[in-house]
Amino acid sequence: RYVRLGKLVDGCTDLSGKLDSADGIALDEALDAIAKTLPEEEGSWEERRATAVGILARQAFGQDQLSADVIVHLPADAVETPDGRAATVEGWGAFLAERLPEFLKDLKLTIRPVIDPAAMPSADVHDPPASMRLAMQIRNPFDVAPYGTRQARYCDADHTQPYRQGLLGQTRLGNLGPLSRRAHRAKTFGSWQLIQTGEDGIFHWRSPYGYEYLVTAYGTTRLRTPAPPPAPEERWRPPDPPEHLPDPPADDPAWEQPPMPEVLAWTLAQATLRPVA
203 RYVRLGKLVD GCTDLSGKLD SADGIALDEA LDAIAKTLPE EEGSWEERRA TAVGILARQA
263 FGQDQLSADV IVHLPADAVE TPDGRAATVE GWGAFLAERL PEFLKDLKLT IRPVIDPAAM
323 PSADVHDPPA SMRLAMQIRN PFDVAPYGTR QARYCDADHT QPYRQGLLGQ TRLGNLGPLS
383 RRAHRAKTFG SWQLIQTGED GIFHWRSPYG YEYLVTAYGT TRLRTPAPPP APEERWRPPD
443 PPEHLPDPPA DDPAWEQPPM PEVLAWTLAQ ATLRPVA
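The sequence shown begins at 203 in our numbering and counts up one residue at a time.
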């Protein structure tokens, strides 16, 4: 069983799922019951059933309205001139700013202006103030570890250069990034190296094995892959045995001379390695 919602496309989202039989029948009847109360001006029967899903999500049959946090990011200048501008619905995708009034109608809104990150002063405490943390989350909406997918609001505000007690100005956007606990342990104890290039939210990682990654708000790019290990034929192998020369004649004086050291060593090695009968 499951229920899934797709991304926002043209102000709509796809809904699919698989329910228990009883739950599916109950949902179908509930949608019909709500759709019958809507005026025909709301659209066709199927459109009114779709509207009924939203009504179910906001109000459960006479109970108090259910609450949900929907975070919308919108540039300040787009409020006055929304035509053609895009807002971002966190976790869902882009949305036309001119359709926001329709999207946000009948909702309780909390507007949180974010200070320009470039003008935000540093803090002399370990934990960043709420405004700095929010600016960090907007700049990097996801975990800044390579291929991280955890939303920034569920991550720690991690100091790229470890925080040291007594030094001023360490807590600033140029030294902060959202990081999960697992990624933090890899950076601290797993020999991963991390460089933050500034306040623009770009993070350069290097793994213990030489891989390098560039992480931004738009995803991860692999910068370097270490050279592969040498092929088996290129690896070290024992030297070939010395060439075997034919024995000299029986009356050759060489029989009275000691053998060459490398020949003697090879003969001893072969005798040592020969399995015992």
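Positions of the beta carbon are idealized from the N, C-alpha and C atoms, including for glycine. Since the model is a prediction, treat every value here as computed from it, not as a measurement.
Got a sec? Which residues, its chain only, sit under 6 Å from residue i by beta carbon, not counting five neighbours each side?
i, result
"P284", "A299 and E300"
"G208", "T215 and D216"
"V274", "A289 and V291"
"G400", "G376"
"G286", "none"
Quick one: is residue i buried, meaning 16 or more other Cβ sit within 10 Å of its Cβ, or exposed?
i, result
"L425", "exposed"
"S382", "buried"
"Q363", "exposed"
"C357", "buried"
"G412", "exposed"
"R260", "exposed"
"W247", "exposed"
"R384", "exposed"
"R387", "exposed"
"L493", "Nothing in the structure corresponds to residue 493, since the chain is present only between 203 and 479."
"A254", "buried"
"G350", "buried"
"I227", "exposed"
"L309", "exposed"
Once the 5 residues before and after residue i are set aside, which same chain residues still bring their CB inside 8 Å of it?
i, result
"A354", "M338, Q339, N342, P343, F344, D345 and P380"
"D222", "R203"
"I404", "Q398, L416, V417 and T418"
"T390", "P364"
"P330", "M338, A359, T373 and L378"
"G392", "P410"
"L210", "V291, W294, G295, A296 and F297"
Here's a check: name, in chain order, each residue in its chain whose Cβ is nearer than 7 Å to the Cβ of residue i, leaving out the five neighbours to either side.
i, result
"H328", "Y365 and T373"
"A452", "none"
"G219", "Y204, V205 and R206"
"P428", "Y411, G412 and Y413"
"S324", "G371, T373 and R374"
Based on the DSSP output, what are the partners of residue i in its beta bridges?
i, result
"K220", "Y204"
"V211", "C214"
Could you spell out where the beta strand (DSSP E) holding residue i opens and where it closes?
i, result
"T290", "A288 to V291"
Over what stretch of residues does the alpha helix (DSSP H) that includes residue i continue unbroken?
i, result
"W247", "W247 to R260"
Q. Hey, which unbroken runs of the alpha helix (DSSP H) at 4 residues or more fall wholly within the region 296 to 378?
A. Segments of the alpha helix (DSSP H) lying fully in the region 296 to 378: 302 to 306 and 332 to 341.
Q | Those runs of the beta strand (DSSP E) which lie wholly inside the region 380 to 454 and span at least 3 residues | A | Listed in chain order, they are 395 to 398, 405 to 408, 414 to 418 and 421 to 426.
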